[in-house]
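Before any comments, here is the structure.
Residue numbers (the numbering used here): 4 to 154.
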């Protein structure tokens, strides 16, 4: 669902917003226009945005700045979409960590029992220390895992 549009904004009007553009880039953009490609926008959505903006531009007598304002609006929408995608990726990663934490916590008791038995079978270890060592290890692991599990 990728959509490409060619706009011809006047970068001489926008030079205060895009100070990193060289005169050569401005001249090239003025003659050939700027191709903008969006994954979040399709032709139907663009027509809806365009039909909503045209009456506003005419009402406030901004029709002569149509290309520049549309370019700024589409760039702002792209920046917002990029931030949304990043936040969605972060959220999905946190959900994966949470699921792993819940899985590990489900088996925490079983692993602790296995460790306690293995320490208890060693004859040189004090019977008081045998359950204490795995308890400390798993309390530390549990403290780390619990912060990813909802309460």
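Just so it is clear, CB atoms sit at the ideal spot from N, CA and C, and this is done for glycine as well.
It should be emphasised that the depicted structure is a prediction, and the values quoted were computed from it without experimental measurement.
>> If I follow the unbroken alpha helix (DSSP H) through residue 95, where does it start and stop?
In response: 69-109
> When you compare only the Cα positions, how much space is there between residue 46 and residue 108?
Replying inline: 48 Å
>> If I follow the unbroken beta strand (DSSP E) through residue 33, where does it start and stop?
In response: Looking at the DSSP string, residue 33 is not in any beta strand (DSSP E); the run it does join, the alpha helix (DSSP H), is 26-35.
> Would you report the Cα separation of residue 37 and residue 105, rounded to the nearest angstrom?
Replying inline: 49 Å
>> Measuring straight from C-alpha to C-alpha, what distance separates residue 139 and residue 101?
In response: 22 Å
> Can you name, in chain order, every residue of its own chain whose Cβ lies under 7 Å from the Cβ of residue 32, other than the five neighbours on each side?
Replying inline: 14
>> On the criterion of 16 or more Cβ atoms from any shown chain inside 10 Å, does residue 74 qualify as buried, or is it exposed?
In response: Buried, because 16 or more other Cβ atoms sit within 10 Å of the Cβ of residue 74.
>> Under 8 Å, with one C-beta from each stretch per pair, do the region 63-82 and the region 9-23 reach the 3-pair mark?
In response: yes
>> Less than 8 Å between the beta carbons of residue 8 and residue 56, yes or no?
In response: No Cβ-Cβ contact shorter than 8 Å links residue 8 with residue 56.
> Considering residue 60, what are the terminal residues of the alpha helix (DSSP H) in which it resides?
Replying inline: It spans 46-62 - the alpha helix (DSSP H) in which residue 60 sits, taken as one unbroken run.
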